[in-house]
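A short write-up of the structure that comes next.
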Ligand code: HEC
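Numbering (the working numbering), first residue to last: 749 to 877.
What follows is the structure, given as structure tokens:
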């Protein structure tokens with residue numbers, strides 16, 4: 749029910765990402781653990797390093813409704829993950845562990861591009877809970 753209103757956002761340009769390709773960067777740096785382009789909650793080989801991105805986004809949008817808040821949370825978390833910042837419940841941490849920092853692997857500008865891309869394009873799972 750929430751998927752359609754995201755469409756107009758796809759048309760806005762990424763002002764802060766300086767022409768970087770957020771999709772490519774997200775695939776490179778985040779997709780190995782977070783399913784990004786799928787609504788499924790399982791990789792075909794059954795191995796996942798983290799919660800699927802639709803799940804991350806769903807949690808974040810409940811807590812941080814604006815794009816600005818949500819993207820700065822993504823950036824802050826990816827650089828300095830911690831139990832205090834976690835929106836996921838303890839069960840997630842027990843299952844996956846706390847996310848390792850991507851510090852040193854992506855620049856801030858790249859992370860901004862990733863965050864913008866994720867916020868705009870990750871589909872949310874159809875409501876079935
Ligand atoms: C090595 C695996 C791994 C990689 C790579 C990875 N993550 Fe994560 N991520 C996790 C795990 C595990 C969790 C769940 C535990 C937690 O929240 O720390 C998580 C959780 C998150 C959360 C939600 C935190 C919360 O609990 O509120 C965000 C946001 C996030 N990741 C963003 C990213 C972004 C952006 C990238 C790419 C730049 C990325 N992750 C790359 C493993 C990874």
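Where is the CB? At the ideal position from N, CA and C, for every residue including glycine.
Since we're looking at a predicted model, the values are computed, not measured.
Taking all protein chains shown into account, do 16 or more other C-beta atoms lie within 10 angstroms of the C-beta of residue i, making it buried, or fewer, making it exposed?
i	result
residue 845	exposed
residue 860	buried
residue 818	buried
Give a yes or no on whether the C-beta atoms belonging to residue i and residue j are separated by under 9 Å.
i	j	result
residue 781	residue 847	yes
residue 864	residue 770	yes
residue 868	residue 815	yes
residue 801	residue 866	yes
residue 828	residue 851	yes
residue 821	residue 806	no
residue 808	residue 783	no
Given 8 Å as the limit, tell me if residue i has its C-beta closer than that to any heavy atom belonging to the ligand MG.
i	result
residue 806	As presented, the structure is devoid of the ligand MG, carrying the ligand HEC as its sole ligands.
By Cβ distance, which residues of its chain are closer than 8 Å to residue i, with the 5 residues on each side in sequence left out?
i	result
residue 854	773, 777, 826 and 862
residue 840	799 and 834
residue 849	826, 827, 828 and 829
With which residues is residue i paired in a DSSP beta bridge?
i	result
residue 851	854
With a CB to CB cut of under 7 Å and the five nearest residues on each side skipped, what residues in its chain are close to residue i?
i	result
residue 726	A question about residue 726 goes unanswered here, because the residues of the chain that appear run from 749 up to 877.
residue 804	782
Less than 6 Å between C-beta atoms, sequence neighbours within five positions excluded: which residues of the same chain meet that for residue i?
i	result
residue 775	none
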